[in-house]
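Q: Going by my numbering, the first residue of the sequence shown is number 15, and it counts up by one from there.
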Amino acid sequence: MVNLVSSQSLHRLQSCSDHLIGFRDHPAHSSRKVSVFCVSSSINGSLELESCTAKTKVSGLRSKGLPLNDQWRSGLNGNHHKDFGMTDYKRLSNPMRYHFEGLFVDNNQESNNSILLSFCVNGNLVKASNLMDVMARLGQIPDFSACISVIRGLVRMDRLEKAQTALKVFVFSGGSPDIITYNMLIGGLCKRGHLRLAMNIVEDMGFSGCSPDAITYNSIIRCMFDHHMFDQAIRFWKEQLRKGCPPYLITSTLLVEVVCKNRGVSRAMEVLNDLTFEGFFPDTVTYTLLINIAGKEGKVNDVLRVLLDLLARGLDPDSFTYSTILHCRCRGRNWAEAYEVIAIMNQASKPPTPATYNILINGLCKCGCLDQAIDCFNKMVGEGCPPNIVTYNTLLGALCKEGLLDEALEMVHFLKDVGHSPDLITYNTIIDALAKNREIKKAMDLFNEMIVDGIRPDEVTYGSLVMGFCREELLEEAVEMLRHIFRSKVNIKDITYALVIKVLCRKGLVDAAIEVLDMMVSGRSNPSRMTYISLIQGLAKSGMAEGATRLHEKLIKRNVLEKDSSALDFLYQY
Numbered sequence: 015m016v017n018l019v020s021s022q023s024l025h026r027l028q029s030c031s032d033h034l035i036g037f038r039d040h041p042a043h044s045s046r047k048v049s050v051f052c053v054s055s056s057i058n059g060s061l062e063l064e065s066c067t068a069k070t071k072v073s074g075l076r077s078k079g080l081p082l083n084d085q086w087r088s089g090l091n092g093n094h095h096k097d098f099g100m101t102d103y104k105r106l107s108n109p110m111r112y113h114f115e116g117l118f119v120d121n122n123q124e125s126n127n128s129i130l131l132s133f134c135v136n137g138n139l140v141k142a143s144n145l146m147d148v149m150a151r152l153g154q155i156p157d158f159s160a161c162i163s164v165i166r167g168l169v170r171m172d173r174l175e176k177a178q179t180a181l182k183v184f185v186f187s188g189g190s191p192d193i194i195t196y197n198m199l200i201g202g203l204c205k206r207g208h209l210r211l212a213m214n215i216v217e218d219m220g221f222s223g224c225s226p227d228a229i230t231y232n233s234i235i236r237c238m239f240d241h242h243m244f245d246q247a248i249r250f251w252k253e254q255l256r257k258g259c260p261p262y263l264i265t266s267t268l269l270v271e272v273v274c275k276n277r278g279v280s281r282a283m284e285v286l287n288d289l290t291f292e293g294f295f296p297d298t299v300t301y302t303l304l305i306n307i308a309g310k311e312g313k314v315n316d317v318l319r320v321l322l323d324l325l326a327r328g329l330d331p332d333s334f335t336y337s338t339i340l341h342c343r344c345r346g347r348n349w350a351e352a353y354e355v356i357a358i359m360n361q362a363s364k365p366p367t368p369a370t371y372n373i374l375i376n377g378l379c380k381c382g383c384l385d386q387a388i389d390c391f392n393k394m395v396g397e398g399c400p401p402n403i404v405t406y407n408t409l410l411g412a413l414c415k416e417g418l419l420d421e422a423l424e425m426v427h428f429l430k431d432v433g434h435s436p437d438l439i440t441y442n443t444i445i446d447a448l449a450k451n452r453e454i455k456k457a458m459d460l461f462n463e464m465i466v467d468g469i470r471p472d473e474v475t476y477g478s479l480v481m482g483f484c485r486e487e488l489l490e491e492a493v494e495m496l497r498h499i500f501r502s503k504v505n506i507k508d509i510t511y512a513l514v515i516k517v518l519c520r521k522g523l524v525d526a527a528i529e530v531l532d533m534m535v536s537g538r539s540n541p542s543r544m545t546y547i548s549l550i551q552g553l554a555k556s557g558m559a560e561g562a563t564r565l566h567e568k569l570i571k572r573n574v575l576e577k578d579s580s581a582l583d584f585l586y587q588y
């Protein structure tokens, strides 16, 4: 018997199509007009603000009795165009005074500094920098706090050449930039690859009474390595140490780390030993970084070499160092050596933490060694190290992967008995496994238990349940779950919607499929080409060939489908 589709559903389908296509032409996607409006408003607002601020500055200067020339006053009164402050040009007898400098050459130092501060307040940093140049030529000393603001602001604007000029004016005027200002400029130059300019500033820092710090040297060394200047970076740092620079731990560690990443552990150890003759004393963090790099590359011998050097220097490995070594052993599936690391930790009065055991248990589970993972869990508990939720979730995932769902459910209930609260990952892991195993009733029971425990389901939870309903062909329950998801305003994957629509159309339930499409589009999801083809075929199969043809033509017109799409051949059968 042919399953007819209601006219209301067909109308809804047309609305969904219009809604989706309209969404693509939504004003939010027409950014040009909005952007122009915003920029225009921003400019007008900033001009008004600048005018108000400037007028306030003028009144303040008048109250102090400071001299202001007519050209500057005219600029403050609202001349914000490119000839700022030059509207009274007929009064000027010398044409050269039309230029920016001509506005300030007659002012004294105090007046120009007031103008300089005004520029800084209004964010006119380029003009402020130009005014600093004028003041330097006039022999006037610019306000030091304003100079700092100008230099930092120009760096943020990526006007590095202007910032360097402002720095020179500041220093030649007797100012002493602070380390933050220097580091901002040096860091900006290094990011742009201007290494020589950055190094020149570092060399000149001492003359201004500000010595480079670890951040300064780190910027230079990173820039050198970015340009593959490995040997130059090593030589540079050694020279700085010989000049009396403090052997900054963070800088030396950075150098050793990047050498290790680019030249290997052997070269890094050579550099480390050379630096010790220059006064550098590596700590546990330095060695742990080397162990971590060597371990990720699977170089077990290098790991042992670094560890032996660490012990030879009388350093005591911390928990993080041991955990890093344990990671290396697990990557290589050297389980006996991994257990030996844990034994060494116990002997060295560094008892393993839950995080330490979790590394080993996770490694065993990933390799399918579930029995060994459970033995490790029992050993952990026996040694008085309490498992945490990460431990249980790791074992739970392994049990589900092996299809041991009854044991996984027992573990969930055991968690509650020992005072641990299952979290979202716990529930999602077991619900997904139950749904895939066609045990949807148990999955729903656990879902309800999850709600009672106050844990809010997410898109993973809902997606697993909807897929589970579809596998069991419980389509009414699947649609009802989607309604609940839609009301809860949870965003689920498009593929979940598409699967439900496909199954509904295959079963001839086109009304329900159109409802799901409506929810999909209303939730700002974008139906795929195959989703529309499923709907067209479902309409045709249900006796609505004419409506299917109209929808097909409409989607072709909107470039959603192509003329030679597979839906067309199917339509000709009806």
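Glycine is no exception: its CB is placed at the ideal position from the N, C-alpha and C atoms.
On the three-pair Cβ rule with 8 Å, is the stretch 421-440 touching the stretch 385-396?
A: no
Q: On the DSSP letters alone, give me the boundaries of the alpha helix (DSSP H) that residue 323 sits inside.
A: 314-326
Q: What span of residues does the alpha helix (DSSP H) with residue 183 cover, start to end?
A: Note, residue 183: alpha helix (DSSP H), 174-186.
Q: Could you please give the first and the last residue of the uninterrupted alpha helix (DSSP H) stretch that includes residue 262?
A: Careful: residue 262 lies outside any alpha helix (DSSP H) and carries neither H nor E.
Q: Return the residue from the list 318, 287, 360 that minimises the CA-CA distance to residue 333.
A: 360
Q: Can you tell me the Cβ-Cβ gap for residue 442 and residue 474, rounded? I've got them flagged as a contact below 8 Å.
A: 5 Å
Q: Taking the beta carbon of residue 128 as the centre, do at least 16 other beta carbons fall within 10 Å, making it buried, or is it exposed?
A: buried
Q: Who are the Cβ neighbours of residue 281 in its own chain at under 7 Å, not counting the five residues just before and after it?
A: 273
Q: Comparing alpha-carbon positions, which option in 491, 436, 492 lies nearest residue 470?
A: 436
Q: Taking residue 376 as the reference, which of 355, 412, 357 has the closest Cα?
A: 412
Q: Which residue wins for smallest C-alpha separation from residue 287, given the options 300, 558, 172?
A: Scanning 300, 558, 172 for the CA closest to the CA of residue 287 turns up 300.
Q: Does the Cβ of residue 343 have 16 or more other Cβ atoms within 10 Å, making it buried, or fewer, making it exposed?
A: buried
Q: Could you pull the start and end residues of the alpha helix (DSSP H) that residue 469 belongs to?
A: From DSSP, residue 469 is part of no alpha helix (DSSP H); its letter is neither H nor E.
Q: Just verifying my parser: in three-state terms, what is the DSSP assignment at residue 267?
A: In this structure, residue 267 counts as helix in the three-state DSSP scheme.
Q: Could one say the Cβ of residue 489 lies closer than 8 Å to chain E's Cβ atoms, at least one of them?
A: Among the chains of the structure shown, chain E does not appear; only one protein chain is present.
Q: Near residue 390, which residues of its chain fall below 7 Å by C-beta distance, leaving aside the five closest residues on each side in sequence?
A: 371, 374, 375, 378
Q: Rounded C-beta distance between residue 306 and residue 267? I'm assuming under 8 Å.
A: Actually they are not in contact, since the Cβ atoms of residue 306 and residue 267 sit about 12 Å apart, beyond 8 Å.
Q: Quick one, are the C-beta atoms of residue 224 and residue 191 less than 8 Å apart?
A: Yes.
Q: Apart from the five residues just before and just after residue 109, which ones in its own chain have a Cβ nearer than 6 Å to its Cβ?
A: Caution is warranted here: a pLDDT of 44 is assigned to residue 109, below 50, making its placement in the model unreliable, and the coordinate value is therefore given only provisionally. Excluding sequence neighbours, residue 109 sits near nothing in its chain.
Q: Suppose the cutoff is 8 Å on Cβ atoms and the five residues either side in sequence are ignored; what does the same chain contact list for residue 313 look like?
A: 279
Q: I'd like the list of long-range same chain contacts for residue 486, defined as Cβ closer than 8 Å, with 5 residues on each side in sequence excluded.
A: Here residue 486 has 452, 454 as same chain residues with Cβ atoms under 8 Å from its own Cβ, once five neighbours each way along the sequence are excluded.
Q: CB residue 365 to CB residue 405, shorter than 8 Å?
A: no
Q: Can you name the start and end residues of the alpha helix (DSSP H) that residue 420 belongs to?
A: Residue range 419-431 is occupied by the alpha helix (DSSP H) that includes residue 420.
Q: Does the contact criterion of 3 or more C-beta pairs under 8 Å hold for the stretch 460-469 versus the stretch 486-501?
A: no
Q: I think residue 323 touches residue 283, with their Cβ atoms under 8 Å apart; what is that distance to the nearest whole Å?
A: Between residue 323 and residue 283 the beta-carbon gap is near 7 Å, inside 8 Å, which marks them as a contact.
Q: Which residues bound the alpha helix (DSSP H) around residue 159?
A: 158-170
Q: If you draw a straight line from the C-alpha of residue 210 to the C-alpha of residue 148, how long is it?
A: 28 Å
Q: Let me know the secondary structure DSSP gives residue 348 once reduced to three states.
A: coil
Q: Please state if the CB of residue 384 and the CB of residue 416 are separated by a distance shorter than 8 Å.
A: yes
Q: Which residue's Cα is closest to the Cα of residue 198: 231, 490, 392, 530?
A: Selected option, being the one with the closest Cα: 231.
Q: Start and end of the alpha helix (DSSP H) containing residue 143?
A: 139-151
Q: When DSSP labels each residue in this structure, what does residue 329 get in the three-state scheme?
A: coil
Q: In terms of alpha-carbon separation, which member of 263, 215, 159 lies closest to residue 201?
A: The shortest Cα separation from residue 201 among 263, 215, 159 belongs to 215.
Q: Applying the criterion that 16 or more other CB atoms from any shown protein chain within 10 Å of the CB defines a buried residue, is residue 446 buried or exposed?
A: buried
Q: Report the rounded CA-to-CA distance for residue 353 versus residue 347, giving the unit in angstroms.
A: 11 Å
Q: At 4 residues or longer, what runs of the alpha helix (DSSP H) sit wholly inside the stretch 184-263?
A: 193-205, 209-219, 228-240, 244-256
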